[in-house]
Ligand SMILES: Nc1ncnc2c1ncn2[C@@H]1O[C@H](COP(=O)(O)OP(=O)(O)O)[C@@H](O)[C@H]1O
Ligand SMILES: [Mg+2]
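Chains as they are written, first to last, in this note's numbering: chain A, 3 to 255; chain B, 82 to 348.
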């Protein structure tokens, strides 16, 4: 808080530039094998070449679609199942053990199965992304609903609130902050799920592109795509944080 | 200031006859109240003191219709208790404010839930905030207020639908001594002016003496009435009464009633 902007922004910038500089220097001196780790300069050149190609942007578009469709489906289902679990004790008893069990299995292992079920197209990636981001949403929604205090429920009862009023005026806003944390995690996971599914089998997409570039020993371009994915991830996260700030304007713990 | 104390709903009577309550817990039945007899007059201010776990909160919840009772008879304003009655205002130890609503929206909540929001609501909310001296912070968020101010918001909310009965469950116990005494006096004077029947649960004997017309001392395991002390300090109550002889005598009477029960327990 008290540290200046110059300090907070300047210091990490300085560290970043130093690392890239050192990396470039080592590459130029031949201390790093360019087949393993290409130099920053080569990566930039590779990237500037990629952005002129239609297939690069097509791959980006496909991966984004997979991510966002998967995210939308996974989050919607997660919110619905989470709300049911948090509302009906019987539903919770019946379903929740499976949610927890499934949450703790490595879900990316399902990617090959989805490939055989849904084929090389976009569907198998959307499903993978949805499945992987479903769980944090369910778990955070349930936790958020559980965090609504007994005193608040008591107060609403004493005011004669109906079930619907209880849900819309207390449970929903009360759970939303915690649930949203799950939604944020889900977005990062959706991108991960889409890329993994593309690795396992696909015809278009940034994951597919990374694999192909590696086979062709275009390592610099492969690195460029990875860094580009990092930027996509950051931008998506920034957008969802903006949405959160817009929706959840109050302070919570 | 310009707050209108007239035209508020009159206090209602409350009567309990031989009321008992046992909670069914995982460890078996837990009797919490036994044979409670109590007559509260309209407009009376009655405090309940007693060791924690003696069923004070349960008693208020029974009156508010939030918890059922096993045997006996309860009549609140001439009717059986029922949850969600607009003639009862409930105030808890925590202020339980909704962080997504600002101060005046929190006070407005009872109007919104009861479907009684109309053209006069804004004026009524403004009056309530005036009554508890919160007009300047009406647009602030709950977490921007001190604990004492948060409890005032809860008080205004409990008064919102102009109930004949106020139930207060340790509403001041989370506050520091100074704020507490200040609010004690304020609430006691307000209760005088508004003429509402008020039941207050408190840990503090001093607070009970300072505020009430009558103090019910409860013994534990199970909870039952072990003392019924009339407080004859003049009204309106003032902070300087805390030093008076009568105040001390009354405090000692309450203490003695509570102690006699503990003595009995040892044997
Ligand atoms: N809903 C409940 N189910 C089971 N036991 C309860 C419940 N509510 C309170 N109790 C128990 O009943 C006893 C009296 O509780 P309470 O009325 O809150 O006492 P007090 O307010 O005097 O501290 C305590 O032992 C408490 O643990
Ligand atoms: Mg209690």
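Virtual Cβ for every residue (Gly too), placed ideally from N, Cα, C.
Quick check on DSSP: helix, strand or coil for residue 197(A)?
For this step, residue 197(A) is matched to residue 195 along the first chain. Looking at residue 197(A) - three-state DSSP - the assignment turns out to be helix.
Does residue 195(B) get closer than 8 Å to chain A when you measure Cβ to Cβ?
Looking up residue 195(B) in the second chain gives position 114. Yes, its Cβ sits closer than 8 Å to a Cβ of chain A.
Using 8 Å as the threshold, is the segment 195 to 206 of chain B in touch with the segment 267 to 277 of chain B, meaning 3 or more CB pairs across them?
Segments in contact, no.
Please compile the residues from chain B whose C-beta is within a distance smaller than 7 Å of the C-beta of residue 91(A).
For the purposes of this step, residue 91(A) is taken as the residue at position 89 of the first chain. Annotation: residue 91(A) has no Cβ neighbours in chain B at a cutoff of 7 Å; minimum Cβ distance is about 16 Å.
Does residue 175(B) get closer than 8 Å to chain A when you measure Cβ to Cβ?
Indexing the second chain from 1 puts residue 175(B) at position 94. Against chain A, the CB of residue 175(B) has a partner CB under 8 Å away; the residue lies at that interface.
Determine, for residue 160(A), whether the minimum Cβ-Cβ distance to residues of chain B falls below 8 Å.
The residue you call residue 160(A) lines up with position 158 of the first chain. So yes, residue 160(A) belongs to the interface.
Closer than 9 Å, Cβ to any Cβ of chain B: which residues of the segment 160 to 177 of chain A, in chain order?
160, 161, 162, 163, 164, 167, 171, 172, 175 and 176: these are the residues of the segment 160 to 177 of chain A whose beta carbon lies less than 9 Å from some beta carbon of chain B, given in chain order.
Using DSSP with H/G/I as helix, E/B as strand and the rest coil, what is residue 192(A)?
To locate residue 192(A), count along the first chain from 1; it is residue 190. In this structure, residue 192(A) counts as helix in the three-state DSSP scheme.
Among the candidates 184(B), 191(B), 90(B) and 162(B), whose CA atom is the shortest distance from the CA of residue 232(B)?
As a first step, residue 232(B) must be located in the second chain, where it is residue number 151. Of all alpha-carbon atoms in 184(B), 191(B), 90(B) and 162(B), the one lying nearest the alpha-carbon of residue 232(B) is that of 184(B).
Give every residue of the same chain whose Cβ lies closer than 6 Å to the Cβ of residue 187(A), excluding the five residues on either side of it in the sequence, and list them in chain order.
Against the first chain, residue 187(A) aligns to sequence position 185. 138.
Out of curiosity, what's the CA-to-CA distance linking residue 199(A) and residue 66(A)?
Locating residue 199(A) in the first chain gives position 197, where the first residue counts as 1. Locating residue 66(A) in the first chain gives position 64, where the first residue counts as 1. So the two alpha carbons sit approximately 13 Å from each other.
Quick one: is residue 327(B) buried, meaning 16 or more other Cβ sit within 10 Å of its Cβ, or exposed?
On the second chain, position 246 is the one that residue 327(B) refers to. The residue is exposed, with fewer than 16 neighbouring Cβ atoms inside 10 Å.
My output table needs one value for residue 157(B): the three-state DSSP class, helix, strand or coil.
Taking the second chain and counting its residues from 1, the one referred to as residue 157(B) is at position 76. In the structure shown, residue 157(B) adopts extended strand secondary structure according to DSSP, grouped into three states.
Could you confirm whether any beta carbon from chain A is found closer than 8 Å to the beta carbon of residue 83(B)?
Against the second chain, residue 83(B) aligns to sequence position 2. Note that residue 83(B) scores 38 on pLDDT, short of 50, meaning its location in the model is unreliable; the coordinates nonetheless yield the value given after this. Not closer than 8 Å to any Cβ of chain A, the Cβ of residue 83(B) fails to qualify, so no.
Where residue 171(B) and residue 80(A) are concerned, what is the direct C-alpha to C-alpha distance, given to the nearest angstrom?
As a working mapping, residue 171(B) is identified with position 90 in the second chain. As a working mapping, residue 80(A) is identified with position 78 in the first chain. Distance between the alpha carbons of residue 171(B) and residue 80(A): 36 Å.
Counting only Cβ pairs nearer than 8 Å, list the residues of chain B close to residue 252(A).
As a first step, residue 252(A) must be located in the first chain, where it is residue number 250. Those are 180, 181, 222 and 224, listed as they occur along chain B.
Note down the Cα distance separating residue 250(A) from residue 146(A), rounded to an integer number of angstroms.
Working through the first chain from its first residue, we reach residue 250(A) at position 248. Working through the first chain from its first residue, we reach residue 146(A) at position 144. Their backbone Cα atoms lie some 13 Å apart in a straight line.
Residues in the same chain with beta-carbon distance under 7 Å from residue 151(B), minus the five sequence neighbours each way, listed in chain order, please.
Your numbering for residue 151(B) matches position 70 in the second chain. Within the same chain, residue 151(B) has close Cβ partners 101, 102 and 103.
Under 9 Å Cβ-Cβ, which residues of chain B neighbour residue 153(A)?
Translated into positions along the first chain, residue 153(A) becomes position 151. Neighbourhood of residue 153(A) in chain B, by CB distance below 9 Å: 173, 174, 175 and 177, in chain order.
Secondary structure of residue 83(B), DSSP reduced to three states
As a first step, residue 83(B) must be located in the second chain, where it is residue number 2. Below a pLDDT of 50, predicted positions are generally treated as unreliable, and residue 83(B), at 38, falls in that range; the measurement from the model is reported next regardless. Reduced to three states, the DSSP call for residue 83(B) is coil.
Residues of the segment 331 to 344 of chain B in Cβ contact with chain A at a cutoff of 7 Å, in chain order, please.
Those would be none; no residue qualifies.
Would DSSP call residue 104(B) helix, strand or coil?
For the purposes of this step, residue 104(B) is taken as the residue at position 23 of the second chain. Residue state, collapsed to three classes: strand.
heavy atom of ligand 2 below 7 Å from residue 138(B) C-beta
By 1-based counting over the second chain, the position of residue 138(B) is 57. Flag set: Cβ of residue 138(B) near ligand 2.
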